[in-house]
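Protein chains in written order, with the working numbering: chain A, 1 to 279; chain B, 1 to 274; chain C, 1 to 272.
The block underneath contains the structure these notes are about, expressed in structure tokens.
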Amino acid sequence: MTSRASPFARAGLALPQKPRRAGGLRGLIEQAGVALACLLAWHLLVAWQWVPSSGVSAPGPALARWGELLLTSAYWQVLGHTLGGWFIGMAISVLVAVPLGVAIGLSRFLSDSTRFTIDFLRTVPPVALLPVVLLLLGPTLTMKVTLIVVGTLWPMLIQSIYAASQIDPVLRDAAQSFRLSRSHRIRFLLLPSVAPFVATGLRIAATVSLLLSVTGEYIGGAPGLGAALGSAELAGNLPEMYAYILTAATLGVAINIGFIVLQRQLLWWHPSVRIAPRG
Amino acid sequence: MNTLQAILPTSAAAADVVFRVEGLMHQYGSSADARRILDGVEFEVRRGAFVCIVGPSGTGKSTLLRCLSGLQTPTGGQIIFNGARVTEPPQGLALVFQDYSRSLMPWLTVLDNVTLPLRAGSLTRRQRDEQGMAALQEVGLANAVSQYPWQLSGGMQQRVAIARALAYRPAAVLMDEPFASVDAQTRADLEDLMLSVRKHLGISVLLVTHDIDEAVYLSDQVCVLSGSPAKVAAIIDVNLGSERGQITTKATREFADLRTQVYQMIRRPAAVKS
Amino acid sequence: MVAPFGPHRPTRLSRRIRAVFVEAWLPIVLVALWWVLSARFPSTYSPPLQEILRLFRELWLFEHARTDLLPSVVNLVLGYTLALAAGVGLGTWLGLSPRLSRVLWPTLEFVRAIPGVAILPVFIILLGVGPTMKVTLIAVGAFWPILLNTIDGVRSVEPTLRDVAASFRIPLKHRLLHIVLPAASPQIFSGARISLSVAVILIVVSEMVGANGGIGYFVRSAERSFAIPEMWSGIIVLGLLGYVLNTLFRLLEARVLAWHHGMTTRTQRDGR
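Structure below.
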């Protein structure tokens with residue numbers, strides 16, 4: 001039995017532990033029950049006019065409209081636009097932030113030099129730059145991608161820098177004493193050590209990216225979920241509006257789960273995935 | 001007079017038995033798959049005695065301890081502490097855990113850690129701190145009062161945990177393999193500490209361990225747990241006198257004999273089932 | 001105020017000066033670069049930094065700070081505080097009820113995933129564009145990260161500590177105050193930080209869409225009317241706002257979680 005709690009839990013690396021299902025099926029039914037109860041409450045709130053029906057659609061029509069939309073190609077195109085921006089933005093962020101961040105993290109001088117700059121720039125809300133980007137690039141994919149990169153670059157950079165500083169000194173010593181070549185050190189020491197931090201950063205960046213993509217679409221008008229939401233709002237089509245809201249939420253949940261699964265698969269060997277951080 | 005010694009609670013009904021365990025049984029799960037861990041464990045701890053429960057890892061010592069401390073309800077049998085049946089953690093019982101680093105609050109100073117259990121009582125802040133200081137003095141940590149647990153070494157952290165138990169002024173202290181996570185040197189020091197504390201304050205101690213040497217060195221009685229499911233294989237009286245030393249006592253013939261005796265009891269095949 | 005368990009500070013003056021230099025040269029160089037390049041190659045969308053800073057001084061010190069920035073900050077703080085109180089309170093309760101939180105978890109995760117931006121239209125329809133809407137939107141949006149992180153933090157209190165509390169018969173009030181909340185505080189702070197950036201985003205977005213004043217509205221309307229230097233000055237203000245809030249947050253965290261920093265540095269130093 002280890003005498004310390006997993007350092008990964010403390011480093012905030014551990015994958016979120018979903019509450020364990022007690023008695024599998026029964027737990028699942030209970031959870032579904034809660035979801036249905038919420039839907040029911042929603043329905044009643046609207047039906048009894050406790051919430052103005054000018055602003056809130058009843059779940060029935062919203063779900064029905066969602067069902068209809070699922071069968072149209074326009075819906076999937078819209079989804080594709082949002083996910084496209086999301087993906088490209090994240091990819092650019094990762095490709096830039098990870099190598100840069102690791103390089104910075106490995107050098108004391110560079111980390112000290114860039115600390116203030118990164119600290120400051122990461123606190124600028126990306127939405128603040130939305131007007132600028134809109135002016136420069138108009139309601140386009142590029143505009144969305146720029147917004148996403150601005151929003152996700154900093155967290156990923158920070159995570160990568162942090163990752164580089166967290167390389168287990170024992171492993172580093174071992175690599176040195178075995179006189180591993182530089183490329184081997186990168187491949188067998190650096191990358192695997194850095195991977196879990198990058199993975200966590202990715203997971204967080206993924207949620208932020210989605211948010212920024214939708215924001216850019218809603219306010220900026222670039223094609224995608226946010227824009228579809230906006231036009232439904234303008235047309236006063238409440239059920240459709242809510243169908244898109246539900247879509248956005250589902251997308252967010254799916255992305256989060258997807259990344260957790262991916263992290264478990266790729267990093268199955270890493271203690272943060274292997275060892276449950278809490279007893 | 002030592003401030004910790006003055007107020008040991010004694011229950012009128014309990015006379016001089018602090019713990020009585022009768023027919024203790026515990027199993028996990030129900031029906032056919034049930035894993036029986038304890039099967040009819042019975043023993044007694046006299047007031048003021050130092051009893052060690054010894055058995056190899058995996059025999060269910062932890063389960064036994066959790067049942068004794070009221071943290072777990074056994075599936076059968078009963079435990080009487082200070083004359084009352086144990087259904088939940090009883091008044092007057094203090095626990096010392098194996099994993100000291102996890103049992104101390106890292107956001108509290110050493111003194112605050114030690115006095116935390118006293119907050120629920122009617123003592124003033126001043127009185128609590130005095131009691132805590134006395135306990136820390138008893139374990140030799142009077143200088144570490146305003147430090148944080150994680151600033152201390154493993155042995156010192158365990159001392160803090162022991163001080164916390166002492167400050168509580170319990171009728172008995174229950175210890176769960178308390179010295180398993182420290183190095184041999186520190187273990188020897190802590191063992192002697194427990195002996196001196198017991199001598200000084202006269203409290204009853206029930207210590208669970210897998211270390212036979214430790215069990216024999218410390219106790220008045222060794223309770224050997226063996227078999228699977230576990231039962232009490234033997235209760236061996238230890239007559240090594242009240243003055244014990246790491247080198248002197250462990251070199252005596254009696255010590256070696258007792259050691260062998262305990263070892264044999266543990267190793268006896270499960271044919272001890274009755 | 002320096003956190004008592006922070007890293008060892010350089011004691012010699014020369015070392016301190018050097019440390020300041022190392023951290024300062026890059027930002028200074030970047031700003032200088034911006035200044036020079038924007039003066040040399042001014043464009044419609046990138047006016048000279050000099051002009052931006054001039055406008056900044058004119059507008060934001062302190063006239064517009066009062067009329068635009070202050071309301072935004074007030075709404076932000078109000079909404080955030082509500083979210084904090086509700087999130088920690090509810091989160092603690094749910095965290096202590098494992099059965100309940102397990103059953104509610106999927107629904108909570110789903111509702112949390114609704115992007116604040118997507119429900120903005122709903123809020124506008126229901127509550128208009130005034131401060132009520134903004135505060136409510138922020139409160140609702142910032143609530144979720146705190147709630148979920150608090151639940152997680154409370155649930156993951158070291159089991160040994162729970163045993164300690166039970167074995168010493170520590171009553172609920174003390175357990176919450178001295179064990180559960182401190183143990184969960186690193187996680188709670190983590191959630192609170194995420195909530196802070198959500199709150200900032202929401203105040204800006206809600207003001208950009210509405211027409212009711214605030215810093216977001218200022219930037220958007222400057223953009224719309226092509227008052228580019230003014231727009232940039234507003235963006236700088238937003239950047240500063242984000243930075244100040246974050247720094248305040250970090251200072252508070254360093255103070256409250258000093259024990260945590262001390263403990264983890266020690267663990268890292270000593271290895272596993």
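Even for Gly, the Cβ is constructed at its ideal location relative to N, Cα and C.
Burial state of residue i (16 or more Cβ within 10 Å)
{"i": "B/Glu243", "result": "exposed"}
{"i": "A/Trp76", "result": "exposed"}
{"i": "B/Tyr217", "result": "buried"}
{"i": "B/Ser30", "result": "exposed"}
{"i": "B/His26", "result": "buried"}
{"i": "A/His43", "result": "exposed"}
{"i": "C/Thr247", "result": "exposed"}
{"i": "C/Arg155", "result": "buried"}
{"i": "A/Ala206", "result": "buried"}
{"i": "A/Ser287", "result": "A question about residue 287 of chain A goes unanswered here, because the residues of chain A that appear run from 1 up to 279."}
{"i": "C/Gln50", "result": "exposed"}
{"i": "B/Phe50", "result": "buried"}
{"i": "B/Leu195", "result": "buried"}
{"i": "A/Ser209", "result": "buried"}
{"i": "A/Ser73", "result": "exposed"}
{"i": "A/Phe188", "result": "exposed"}
{"i": "C/Glu58", "result": "exposed"}
{"i": "B/Asp220", "result": "buried"}
is_contact[residue i, chain A] using C-beta, thresh 8 Å
{"i": "C/Asn246", "result": "yes"}
{"i": "C/Glu109", "result": "yes"}
{"i": "C/Glu230", "result": "no"}
{"i": "C/Met208", "result": "yes"}
{"i": "C/Val164", "result": "no"}
{"i": "C/Pro298", "result": "Limits of chain C in this structure are 1 at one end and 272 at the other, which puts residue 298 of chain C out of reach."}
8 Å Cβ cutoff, residue i in contact with chain C
{"i": "A/Leu229", "result": "yes"}
{"i": "B/Met105", "result": "yes"}
{"i": "A/Gln263", "result": "no"}
{"i": "A/Ile167", "result": "no"}
{"i": "A/Leu137", "result": "no"}
{"i": "B/Gln91", "result": "yes"}
{"i": "B/Arg35", "result": "no"}
{"i": "A/Ala199", "result": "no"}
{"i": "B/Ala120", "result": "yes"}
{"i": "B/Val18", "result": "no"}
{"i": "B/Pro117", "result": "yes"}
{"i": "A/Leu210", "result": "yes"}
{"i": "B/Asp99", "result": "yes"}
{"i": "B/Tyr168", "result": "yes"}
Segment limits, alpha helix (DSSP H) that includes residue i
{"i": "B/Phe127", "result": "At residue 127 of chain B the sequence reads Gln, which differs from the Phe that was named. Segment Arg125 to Glu138, the alpha helix (DSSP H) holding B/Gln127."}
{"i": "B/Leu254", "result": "Residue identity check: residue 254 of chain B is Glu in the sequence provided, not Leu. Start and end: Arg253 to Arg267."}
{"i": "A/Phe109", "result": "Arg108 to Thr123"}
Residue-chain proximity (residue i, chain B), Cβ-Cβ < 8 Å
{"i": "C/Arg155", "result": "no"}
{"i": "C/His174", "result": "yes"}
Beta strand (DSSP E) segment containing residue i, residue limits
{"i": "B/Gln27", "result": "Val17 to Tyr28"}
{"i": "C/Gly130", "result": "Taken as a continuous stretch (DSSP letters only), C/Gly130 belongs to no beta strand (DSSP E), as it is neither H nor E."}
{"i": "B/Gly77", "result": "Gly76 to Phe81"}
{"i": "B/Gly40", "result": "Arg35 to Arg46"}
{"i": "B/Met175", "result": "Ala172 to Asp176"}
Exercise. Can you find at least 3 beta carbon pairs, one from the segment 172-192 of chain C and one from the segment 155-164 of chain C, that sit closer than 8 Å?
Worked result: Output reads yes: the segment 155-164 of chain C touches the segment 172-192 of chain C.
For this session: Tell me the start and end of each unbroken alpha helix (DSSP H) in the segment 197-232 of chain C that is at least 4 residues and wholly inside, in chain order.
Result: Segments of the alpha helix (DSSP H) lying fully in the segment 197-232 of chain C: 215-224.
Problem set entry | Sufficient close CB pairs (3 or more, under 8 Å) joining the segment 249-268 of chain C to the segment 65-84 of chain C | They do not touch, by the three-pair rule.
Problem set entry | contact_flag[the segment 197-206 of chain B, the segment 160-175 of chain B] where n(CB pairs < 8 Å) is 3 or more | Proximity of the segment 197-206 of chain B to the segment 160-175 of chain B meets the contact definition, three or more beta-carbon pairs being nearer than 8 Å.
Exercise. Any contact of the segment 228-237 of chain B with the segment 33-46 of chain B, i.e. 3+ C-beta pairs under 8 Å?
Worked result: With a cut-off of 8 Å, the segment 33-46 of chain B and the segment 228-237 of chain B count as touching, because enough Cβ pairs lie within range.
For this session: Specify whether the segment 125-145 of chain A and the segment 95-106 of chain A touch according to this definition: at least 3 beta carbon pairs, one from each stretch, less than 8 Å apart.
Result: Output reads no: the segment 95-106 of chain A does not touch the segment 125-145 of chain A.
Exercise. Taking the runs of the alpha helix (DSSP H) that are 4 residues or longer, which of them lie wholly in the segment 178-228 of chain B?
Worked result: Complete alpha helix (DSSP H) runs here, min 4: 184-201 and 212-218.
Exercise. For the segment 162-227 of chain A, which segments carrying the alpha helix (DSSP H) assignment without a break, of at least 4 residues, lie completely within its bounds, in sequence order?
Worked result: Those alpha helix (DSSP H) runs which fall completely within the segment 162-227 of chain A and span 4+ residues are 169-177, 182-185 and 191-220.
For this session: Starting from the N-terminal side, write out each stretch of the beta strand (DSSP E) that is 3 residues or longer and does not extend beyond the segment 10-87 of chain C.
Result: Taking 3 residues as the shortest admissible run, the segment 10-87 of chain C contains no complete beta strand (DSSP E) segment at all.
Exercise. Three or more C-beta pairs closer than 8 Å, one from the segment 145-164 of chain B and one from the segment 182-191 of chain B: is that the case here?
Worked result: Note that the segment 145-164 of chain B touches the segment 182-191 of chain B; at least 3 beta-carbon pairs, one per stretch, sit closer than 8 Å.
Exercise. Just checking, does the segment 147-167 of chain A make contact with the segment 111-129 of chain A on the three C-beta pairs under 8 Å criterion?
Worked result: Touching, yes, given that three or more Cβ pairs across the two stretches are closer than 8 Å.
For this session: Taking 8 Å as the threshold, find out whether the segment 90-109 of chain C comes into contact with the segment 126-136 of chain C through three or more Cβ pairs.
Result: In short, these stretches do not touch, since the Cβ pair count stays below three.
For this session: Kindly confirm or deny that the segment 46-64 of chain B and the segment 114-122 of chain B touch, where touching means at least three C-beta pairs closer than 8 Å.
Result: No: the two stretches stay apart, fewer than three of their Cβ pairs being nearer than 8 Å.
For this session: Say whether the segment 101-115 of chain B touches the segment 125-137 of chain B, bearing in mind that this needs 3 or more beta-carbon pairs closer than 8 Å, one atom from each stretch.
Result: The segment 101-115 of chain B vs the segment 125-137 of chain B: in contact.
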